[in-house]
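The letter at position 115 of the sequence shown is residue 115 when you use UniProt numbering, and the numbering goes up by one with no holes.
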Amino acid sequence: MSPQPANYMIARLDTVPAVPCPCGFARRAFASPDNTTATVHLTDITEDARVHYHKHMTEIYVILEGEGEMELDGERVPVSPLTSIFIKPGCRHRAIGRMRILNIPVPAFDPQDEWFD
């Protein structure tokens with residue numbers, strides 16, 4: 001009898017390799033072909049992000065460090081640590097300023113679902 005796969009996943013975000021993204025660098029945990037549920041990204045926003053949107057994905061941003069603004073469908077909202085933002089599909093958005101965030105995409109992040117006007 002073969003062992004069953006674990007019914008959980010663990011990631012140390014500080015050990016996940018950083019990859020470039022439209023707003024800086026992201027460490028994308030739980031990104032694997034067999035996981036379509038959700039991912040968790042530790043993102044360092046190092047520049048003003050490009051306005052973009054997703055057709056299928058919802059994102060939850062949690063500001064961990066830094067201050068700035070989120071542009072959401074053209075409206076700018078100030079953000080600081082522990083601000084959370086629920087971004088629905090179709091909402092054009094970007095981060096403005098230098099900050100570190102947790103980004104939780106649902107379903108799991110799909111680079112093909114990142115759209116720019």
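Quick reminder that beta carbons are idealized off the backbone N, C-alpha and C, glycines included.
DSSP three-state call for residue i: helix, strand or coil?
| i | result |
| --- | --- |
| F44 | One point to set straight first is that residue 44 is Asp, not Phe, in the sequence displayed. Strand at D44. |
| P20 | strand |
Give me the Cβ distance between residue i and residue j, rounded to the nearest whole Å; I'm assuming they're in contact under 8 Å.
| i | j | result |
| --- | --- | --- |
| I45 | I101 | 7 Å |
| T37 | P105 | T37 to P105, Cβ: 10 Å. No contact. |
| E67 | I96 | With a Cβ gap of about 10 Å, E67 and I96 do not count as contacting. |
| K55 | P33 | Their Cβ separation, rounded to whole angstroms, is 20 Å, which puts K55 and P33 out of contact at 8 Å. |
| Y61 | S84 | 7 Å |
On a CA-only basis, which of the options is nearest residue i? Give me that one, please.
| i | options | result |
| --- | --- | --- |
| D73 | R50, N103, R27 | R50 |
| E114 | S80, R12, A29, E59 | E59 |
| A26 | N35, M99, Y53, H56 | M99 |
| E47 | H41, E69, G24 | G24 |
| P17 | N35, Q4, H41 | H41 |
| Q112 | C21, S80, V62, I63 | C21 |
| E75 | N35, C91, P5 | C91 |
| N35 | N7, S80, F116, H93 | N7 |
| I63 | P78, D110, H52 | P78 |
| T39 | M57, H93, S80 | M57 |
| D117 | F109, H93, A31 | H93 |
For residue i, count the other beta carbons within 10 Å of its own beta carbon; 16 or more makes it buried, fewer makes it exposed. Which is it?
| i | result |
| --- | --- |
| R9 | In the sequence as presented, Arg is not what sits at residue 9; that position holds Met. It counts as exposed. |
| L82 | exposed |
| L13 | exposed |
| A29 | buried |
| T15 | exposed |
| N103 | buried |
| V19 | exposed |
Taking 8 Å as the threshold (beta carbon to beta carbon), is residue i in contact with chain C?
| i | result |
| --- | --- |
| F109 | The chain labelled as chain C is not found in the depicted structure, where only one protein chain is given. |
Complete beta strand (DSSP E) runs within the region 22 to 104 (minimum length 3 residues, chain order): 24 to 29, 40 to 45, 58 to 66, 68 to 72, 75 to 79, 84 to 87, 93 to 96
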